[in-house]
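Under our numbering, residue 291 is the last one in the sequence shown; the count climbs by one each step, no gaps.
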Amino acid sequence: MMLAEDTNNQFDKVASVPVGYAGSQAVYSTWATKYEEDMTNMGYNGPRQIVALMHAALGGVTDPSSVRVLDVPAGTGMVGSELQKLGYTNADGLDANPDMLKVAENKQVYQRLIEAKLGTGQLPVDLEPNMYDAVLLVGAFSQNGTHLPCKCLEDLVQITKPGGLIIVGTGSETLQSDVGAALVATLQDLQERALLSIIDKTTRSGYFRDWEGTFFVCRVTS
Ligand SMILES: C[S@@+](CC[C@H](N)C(=O)[O-])C[C@H]1O[C@@H](n2cnc3c(N)ncnc32)[C@H](O)[C@@H]1O
């Protein structure tokens, strides 16, 4: 499929070239209303894949609406839509970008939307310890380091219930970068400190474009 030149440019600006956090937020603000269409056309399947993995890891849950999920960063709500399809209607979404969240809000797939920047050293006020059964992160870590800092994973452990899940999905290519190395080191550190266990590391083809995705399924220590 032929893609408009600016479609690829928008993605490269937020994910690859060194625009900095403020630069990437400016791109998301102008891209928000077209983000989902462009990402779908570029073959982005990460949201569907992470929700399927959560569903499998929860193992035959009888009432999906009782599972409290946090989608972070929620962006325009691609993960929220996938959650809703499987009956996971008790989901919140968190993102730093108000324009992306406005698109998410219109889809009505979240109970609550939280506009907050993660990784500032302080947990956003709307989040409390042991709130969520599952926290999902996809499209959260970019090779240019303009997205979530890995240190926020420790905050996410805090807000997940003991025994709950944290699932992180990223392009396998990203794992080869400095950001990817920091992500793996952070998860290993959390595991060594007995805050979580990595119960599965699995790959999926067709994560984005022709890239494979790698997903870490982690269980927060009881
Ligand atoms: C590629 S989008 C991914 C959105 C969604 N998970 C998806 O898969 O479509 C990245 C999102 O990360 C958000 N973001 C970047 N840094 C953030 C931070 N420190 N805290 C919260 N959100 C952040 C951006 O605003 C943007 O909406």
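All residues carry an ideal CB built from backbone N, CA and C; glycine is no exception.
Do the CB positions of residue i and residue j come within less than 9 Å of each other?
{"i": "Leu206", "j": "Pro133", "result": "no"}
{"i": "Val289", "j": "Val194", "result": "no"}
{"i": "Asn199", "j": "Thr158", "result": "no"}
{"i": "Ala173", "j": "Leu139", "result": "no"}
{"i": "Gln94", "j": "Asn166", "result": "yes"}
{"i": "Leu163", "j": "Ile236", "result": "no"}
{"i": "Arg117", "j": "Ala203", "result": "no"}
May I ask you to report which of helix, strand or coil DSSP gives residue i?
{"i": "Glu197", "result": "coil"}
{"i": "Glu281", "result": "strand"}
{"i": "Val207", "result": "strand"}
{"i": "Ala173", "result": "helix"}
{"i": "Phe80", "result": "helix"}
Name, in chain order, the residues that DSSP records as bridge partners for residue i.
{"i": "Ile267", "result": "Cys287"}
{"i": "Ile183", "result": "Leu163"}
Runs of alpha helix (DSSP H) lying entirely within the stretch 89-161, each at least 4 residues, in chain order: 89-110, 115-127 and 147-154
Meets three-Cβ-pair contact criterion under 8 Å: the stretch 273-291 and the stretch 226-245: yes
Cβ contact (3+ pairs, closer than 8 Å) linking the stretch 180-191 and the stretch 95-106: no
Alpha helix (DSSP H) runs contained entirely in the stretch 221-276, provided each spans 4 or more residues: 221-228 and 247-261
Cβ pair count under 8 Å reaching 3, the stretch 254-270 against the stretch 82-96: no
Segment contact, 8 Å Cβ cut-off, at least three pairs: the stretch 149-163 with the stretch 208-215: Not touching, per the Cβ criterion.
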